[in-house]
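Numbering (the working numbering), first residue to last: 5 to 142.
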């Protein structure tokens, strides 16, 4: 059993570190490079987005979930708490407390756990993103 708590400034470092660890796995789609802490907080914690810390029954911070104005949901679970249904429960809860007509998730093709989570919750694949990197250009 988990609970979602509205993310506040005291949580920003936890969220940044969690996403920084995820970024190292090279499963990120949206960003080419990890931002600085200040850049990240200015972009991430905007008024129109809803950001939540995921806490377990022991009140430990075990993840982060957010929904953006465009209905895209993002979720990150601390490594040691993955594959326990926490992400699935968090996405269910964020949809319950932020009802919308439709939702989106953007998932890297190699992120099998996240693909499984999305399918379990009834998300359907809608497209594929292709990427081409050019060396020497940032």
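Note that CB positions come from ideal geometry on N, CA and C, so glycine has one too.
- Note on geometry: alpha-carbon atoms of residue 83 and residue 56 lie some 18 Å from one another.
- Taking 3 residues as the minimum length, the beta strand (DSSP E) runs contained wholly in the region 38-79 are 54-59 and 65-71, in order along the chain.
- Remark: C-beta atoms of residue 90 and residue 67 approach each other more closely than 8 Å.
- Going by DSSP, residue 96 is part of the alpha helix (DSSP H) stretching over 90-101.
- With respect to the C-alpha of residue 70, the residue from 23, 136, 140 and 42 having the closest C-alpha is 23.
- Per DSSP, the beta bridge partners of residue 7 are 59.
- Distance from the Cα of residue 47 is smallest, within the candidate group 19, 88 and 62, for 19.
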